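Here the sequence shown is numbered in the UniProt record's numbering, starting from 1 and rising by one per residue.
For each residue, glycine too, the CB sits at the ideal point set by N, CA and C.
The model shown is predicted, which means the values in this text are computed figures rather than measured ones.
For reference, the structure discussed in these notes is given below.
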Amino acid sequence: MAKKKSRIINVRLISMAMTGFFYNFKRPRTANPMGMLKYDPIGKFDLQPPTLSLLLHLLHRREPIIGDGKIK
1 MAKKKSRIIN VRLISMAMTG FFYNFKRPRT ANPMGMLKYD PIGKFDLQPP
51 TLSLLLHLLH RREPIIGDGK IK
C-alpha cells in the first residue's frame with residue numbers, strides 16, 4: 001500500500017546576497033510558495049528582492065561588481 005505524502009514540508013530560504021546564509025522552516029504543502037525578507041548576519045543587512053532598475057544597472061556595468069573584497 002502506498003504511503004501518503006506529508007502535509008508539512010521543510011523549506012530552505014537562501015540569501016539573495018549570495019553569502020551562503022539560509023533559514024530552514026516548515027510550511028504546509030498546500031500553502032503558496034514563500035519569499036521572506038530576513039536579516040542576513042553575514043552580509044549585515046536586510047535582504048530585499050532586487051528591483052528592476054538595480055538589475056538593469058548591474059547588467060550594463062563594465063567593471064566587476066565585487067573587486068578586491070570591497071563592494072563598489
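Check: Closest residue to residue 9 among 18, 40, 29, 22 (Cα-Cα distance); Outcome: 29
Check: Residue 34 versus residue 2: straight-line alpha-carbon distance, rounded; Outcome: 29 angstroms
Check: Element boundaries [beta strand (DSSP E), containing residue 28]; Outcome: 22 to 28
Check: Residue(s) in a DSSP beta bridge with residue 12; Outcome: 24
Check: Residue 17 versus residue 4: straight-line alpha-carbon distance, rounded; Outcome: 37 angstroms
Check: Residue 40 vs residue 25 beta-carbon contact at 9 angstroms; Outcome: no
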